[in-house]
Amino acid sequence: KGGDVSESTDPLRDWSGARVSNFLSQLEHGLANLEDGASVAGVLEHAMYCGASLGRVGYDFRALLAPLFEQRFAAIFASGMETAVRVFRGSLDAHRWSTASPMSAVSSTDGDGDDAQKGASAPAGGATSPPYALMSHPPLACLCNGVLNSLNELRHGASPRLAPPLGALFLAALHTSASELANHAIARDLTVTGDEGRAHLQACRAFVEIFVPFASSCFRSTFSPVAGGALTALNSDDLAEALAPLTALVESAAE
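Remember, the numbering used here sits 166 above the position in the sequence shown when you count from 1.
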């Protein structure tokens, strides 16, 4: 008889487990349709509340939510970075190079003037406004805008576990962009003795000396202070490797 009593409670347990599984399946499907971090964060808040409520009767499923939401935040960031690189590539193709003004050259050394680049802002609570000097190089300004937009979406769900994989993705985007900028000189047959070549070289230096330090700082601040992994995900060796195509070009021009 004792076994019969035990079996009589199984249908309720099975039904509850099935309902939770169905909810998680529907949730995963619905998350795929959300394109911005704020919306994903809003759904996460409601799902956590639901899990806490069911926890009072022994069906707390909040621990199962993290992988679903981390996956979606990662996908949104990856899509944003892909778009940023694509827009940067298009901006390079359409850009007509001209040397920066003396005032812009001065700005490039401090990078944190009162006038910020128009467009996306740095993640809240993180680095300062985008360096004004990037406005002298429209393709770099477009790339900076795209990176900041991606990080602003990510800040709603910057889980510590995402720092290493998204750090690798961030570095890959930097490497691709640096290669695009370096190869652009070959495609356009630019030389440092011409005006366009000198303007391109200025942009290369701005990429290495201004854009990358600023973007890296923003990436770290998106995860700080909860994710120490974000600091190791962007170490100096990895950044140097990502910038290798441009570093070689800038150093050869200086010789």
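By construction, the Cβ of each residue, glycine as well, lies at the ideal position given by its N, Cα and C atoms. Nothing here was measured: the structure is a model prediction, and the numbers come from that model.
Which of helix, strand or coil DSSP assigns to residue i
i	result
V263	It should be noted that the sequence gives Trp, not Val, for residue 263. Residue state, collapsed to three classes: coil.
E248	helix
N188	helix
F380	helix
F227	coil
G360	coil
K284	Caution applies to K284, whose pLDDT of 44 falls short of 50 and renders its modelled position unreliable; the model cannot decide the point.
S257	helix
A324	coil
M269	Note that M269 has pLDDT 40, beneath the 50 cutoff, so the model's placement of it is unreliable and no number is given.
S418	helix
D278	Note on D278: pLDDT 43, under 50, position unreliable in the model; the coordinate value appears next. Coil.
L200	coil
A396	Because the pLDDT at A396 is just 49, under 50, the model does not fix this residue reliably, and the value given afterwards should be weighed accordingly. Three-state DSSP puts A396 in a helix.
S182	helix
S390	coil
Residue i: first and last residue of the uninterrupted alpha helix (DSSP H) it sits in
i	result
L306	P304 to L320
N349	A329 to A353
V374	Careful: V374 lies outside any alpha helix (DSSP H) and carries neither H nor E.
M214	G203 to G221
S295	No alpha helix (DSSP H) contains S295, which DSSP labels as neither H nor E.
A408	S402 to A408
Cβ pair residue i, residue j closer than 9 Å
i	j	result
L400	V374	no
S257	C308	yes
L320	C310	no
L197	R238	yes
A348	F389	no
L314	P296	yes
A344	L412	yes
M247	A339	yes
L220	V186	yes
G217	L231	yes
R262	E346	no
V378	L356	no
G183	Y215	no
Closest residue to residue i among the options (Cα-Cα distance)
i	options	result
R386	R238, L337 and D355	L337
E194	W181, T249 and L210	L210
I376	L415, R185, S182 and L306	L306
H303	S219, F254, N199 and R179	F254
Y298	F380, A184 and L415	F380
C370	A213, E417, A184 and L234	E417
G312	A244, G183 and D403	A244
T249	Q368, L328, T342 and A351	T342
Interface flag, residue i vs chain D, CB-CB below 9 Å
i	result
L320	Going by chain labels, chain D is absent from the structure shown, which holds only one protein chain.
Any non-hydrogen atom of the ligand ZN within 8 Å of residue i CB
i	result
A240	You won't find the ligand ZN in this model; it holds no ligand whatsoever.
Count the C-beta pairs between the stretch 221-239 and the stretch 204-211 that are closer than 8 Å, then say yes if the count reaches three, no if not. yes
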